Amino acid sequence: MSKFRPNKPKKPRSRNSKRQELEVDSRLLFAIAAAIFLLIYLIVGIIPGLRQSYIGKLLYDQGQAQFVQFIVVALTAIVVAFTGLKIFLLRTEYEALGKIWIADHIPLDRPDAHEVAYFQERLIKDGNLVALRCGRILKAYIQSGDRATANEFALDDSSFYLSASESSYAVPRILVWAIPLLGFVGTVIGISGAVSGFSGVLESSGDVEAIKGGIGNVTTSLGLAFDTTLLALFLSVLVMIPLVLVERYESKLLLGIDVFVNDKLLPRLRKKSGQVDPATIDRAIEGAIKEHFPNPRDLVEPAHSYAQQAAKSLSTGFIAEISKVQDVSSQVIAQVNDIKQQTNRDRQEFLNFFAQQQQANQELVQQIRSVIEEIRSKNMEAANDLNAQTQGIGQQLENAARVLENKVGSLEIATQKMSDFQHIQQGLERSFTSLEKTAQLENVLSAVKDNLAQLQPILQQLNKPRRITIVEQDNHQNS
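In this text, residue positions in the sequence shown follow UniProt numbering: the first is 1, and each later residue adds one.
The following block contains the structure:
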């Protein structure tokens, strides 16, 4: 079952019954071709660089054959638009072919099942080519109930699409053939105008300068005339290669759909017990094809005969115009020889001037070299002086560094001695502090000794024997 979007179902195409799903919409085709035509001429005409370039002259400055150039570019735009639209359609169908699949739970072996009918309707509504073909095959299978009938229908459907695909490329092929033919027509018109203009110059003027100017105009007109053919041939080759590749791309798509139908769909259908005469079915289908579908050869042969007649008339006119050119070719050759001699003289003068200029340039180069050598010698002397001064300064700096190193050593020794002196001073301070504490202790001991001397008589008196009398008094009497 194909992958559908339930919110936005695709509408079935109106041309499905004619097997024209891969046909290009003519209105859209001509609209895109007109846009390409206008865009080319607007871009080349607006941009100054392109307008003055060779491409701008090919598109705008073609003289009497300008209208042929417009037709050539317009036909090229139509083929390019057709190729682009075909690529878009085929790419969409390729994506649909890669996404479609048939679920295993659908009972395709029972043509009268409700699931098969629902699946066939969903395929028809999908709108893609592979889904429509599978839907039509399932419809034939539901109506007949036989896989052989569905297989025959699939083969006929495939042949219909191949015929429609071939016929859809008939008009672009005719346009590709017509583009170089129109280029030849433009060349013939340009040659005719150039020869007519030169004949008028020869008849109206006998001056050599006027004839030279006429020859220049003739050669310019001939160049423009052949530029028309050049552009037409280039555009025809440019659009023919993508057109062939797109046609092959479409053939691969149809082959891929046939492979999908034969590998994924038809093997799951049921065979009917009764047999139908295949020859009868073949004759019926062949008659239907002959009745309803045109033969592609009927479309190609008139175009081919028309192209042959146009080429024949073009070659006849081209030979007639060339015969006119041959009448004046001798005069043109003589004038060209004169111009060639004048050109040789001018060339010799230019070579002499160039040799003189080259000699002057060599003298100037020699002077520049001498100046450079002088500057180089002065620079070398200055560099040597600077080097000597640098060496003297370096020697002085080394001597100063050694003196400074000696001074630093003396300072380190003095610093060490100062550190030792500080340690000695700190030891003396601690000694003085301890001595002060010792003197205070002696004063305290002498004071204690004096106090003990004063207490000695008292202690001696206390040391004598004592008699203690206890007296009781009556508290009431005292009161």
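For glycine and all other residues, C-beta sits at the position ideal for the given N, C-alpha and C. Remember, it's a predicted structure, so these values are computed and weren't measured experimentally.
About 42 Å separates the Cβ atoms of residue 75 and residue 140, ruling out a contact at the 8 Å cut-off.
Using a 10 angstroms sphere on the CB of residue 180, the tally of other CB atoms reaches 16 or more, which defines it as buried.
Here the alpha carbons of residue 444 and residue 452 stand approximately 12 Å from one another. In the DSSP assignment, residue 126 falls within the alpha helix (DSSP H) that extends over 114-126. Nearest Cα to residue 151 within the set 138, 162, 160: 138. Taking the Cα of residue 259 as reference, the smallest distance to any Cα among 20, 405, 130, 438 is reached at 130. In the same chain as residue 268, and ignoring 5 residues on each side of it, the C-beta atoms closer than 8 Å to its own belong to 102, 108, 109, in chain order. Straight-line spacing of the CA atoms in residue 84 and residue 125 works out to 26 Å.
Excluding residues up to 5 positions away in sequence, nothing lies with its Cβ nearer than 6 Å to the Cβ of residue 28 in the same chain.
When DSSP states are grouped into helix, strand and coil, residue 101 belongs to the coil group. For residue 47, the three-state secondary structure derived from DSSP is coil. Beyond the five residues adjoining it in sequence on each side, residue 256 comes within less than 7 Å, by CB distance, of 97 in the same chain, given in chain order. Put simply, of 163, 188, 37 the residue whose alpha carbon is nearest the alpha carbon of residue 247 is 163. Taken through DSSP and simplified to helix, strand or coil, residue 145 comes out as coil. Boundaries cannot be given for residue 271, as no alpha helix (DSSP H) includes it and DSSP labels it neither H nor E.
As the crow flies, the alpha-carbon of residue 370 is around 16 Å from that of residue 360. Between residue 52 and residue 228, the CB-CB gap reaches or exceeds 8 Å.
Under the DSSP assignment, residue 22 falls outside any alpha helix (DSSP H); it carries neither an H nor an E label. A buried status is given to residue 119, since no fewer than 16 other beta-carbon atoms sit within 10 Å of its beta-carbon. With contacts defined as CB atoms closer than 8 Å, residue 175 and residue 40 fail to qualify as a contacting pair. When secondary structure is reduced to three states using DSSP, residue 156 falls in the helix class. A Cβ-Cβ separation of about 6 Å places residue 81 in contact with residue 36 under the 8 Å criterion.
In the DSSP assignment, residue 55 falls within the unbroken alpha helix (DSSP H) covering 54-60. Residue 134 sits close to residue 265, with the two beta carbons spaced by under 8 Å. Take the alpha-carbon of residue 449 and the one of residue 419: they are about 46 Å apart.
Burial of residue 147 is indicated by the presence of at least 16 other C-beta atoms within 10 angstroms of its C-beta. Taking a 10 Å sphere around the C-beta of residue 72, we find 16 or more other C-beta atoms and assign the residue as buried.
Judged by DSSP in its simplified three-state form, residue 109 adopts coil rather than helix or strand.
In the three-state scheme derived from DSSP, where H, G and I count as helix and E and B as strand, residue 94 is classed as helix. No Cβ-Cβ contact shorter than 8 Å links residue 99 with residue 24. Annotation: residue 136 to residue 127 spans about 12 Å, alpha carbon to alpha carbon.
For the set 88, 34, 155, 416, the Cα lying nearest the Cα of residue 281 is the one of 155. Residue 158 is a Cβ neighbour of residue 254, given a cutoff of 8 Å. Around the beta carbon of residue 232, 16 or more other beta carbons lie within 10 angstroms, which makes this residue buried.
With a beta-carbon spacing of about 5 Å, residue 111 and residue 145 fall inside the 8 Å limit used to define contacts.
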